[in-house]
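Sequential numbering of the sequence shown, starting at 231, is according to the numbering used here. Don't be surprised by glycine CBs; every beta carbon is placed ideally from N, CA and C.
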Amino acid sequence: MNETLQLPPLRERFFRRERRSVPAARMFAAQTLAGWGLAGTERADDVLLCVSELVTNAVLHGVPPGRQLRLLMRFDGHGLVVEVHDSGGGVPHVVHDGDEGGRGLLLVAALSDKWGVRERTLGKAVWCEFSWIPEGFSGDRQPRDTMDLDDLHPESLVAVRVTDPLRGRHVPRRPAR
């Protein structure tokens, strides 16, 4: 089998475990969206807020001292995926009534179409997805790279858990715009 898999445009950046990484990650995300022709919409604002929340969670709870987090954004012309990878243990949890803080994942769940956690050998990736086919899309539709399907290894595939924080299962929060 010698098929070629076209990978969607992808941008990533590493950030330190410090509070100023949150606005830096948001700026990186805004520049990425602008580069793909996706800036200036309400949906772009939703993405930027989710980036801020996920990076804040990683800085405060996920990244061990001396380590970095990784922000990855991928757009294929139909949808956008945002992932924040950290090497910390544990899986993030959604707050309960009466908790004073920790509303970030509730915001992510409300603003994105799907979200979840993918546990990794070292740490986790918390991700959110946005269905998005922009009118007159003018961004980079060219693949960043190609990959031979023979290069995919089964051990690199991981189960994904998608949850609704209120019901314990995924339910889309709102239609794609």
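As summarised for the region 233–268, the continuous beta strand (DSSP E) elements at least 3 residues long and confined to that stretch are 234–236 and 240–246, given in chain order.
In the same chain as Gly309, and ignoring 5 residues on each side of it, the C-beta atoms closer than 7 Å to its own belong to Glu359, Phe360, Ser361 and Trp362, in chain order. Counting only runs that start and end inside the region 285–340, the beta strand (DSSP E) elements of at least 3 residues fall at 298–305 and 309–316. A buried status is given to Met303, since no fewer than 16 other beta-carbon atoms sit within 10 Å of its beta-carbon.
In the three-state reduction of the DSSP assignment, Arg348 falls in the strand class. Membership of Trp357 in the beta strand (DSSP E) is indicated by the continuous run Lys354 to Ser361. Pairing Phe305 with Trp357 gives a Cβ-Cβ distance that is not under 8 Å. Of all C-beta pairs linking the region 240–259 to the region 334–350, fewer than three are shorter than 8 Å, placing the two stretches out of contact. Taking C-alpha positions only, Phe258 is separated from Ser282 by approximately 11 Å.
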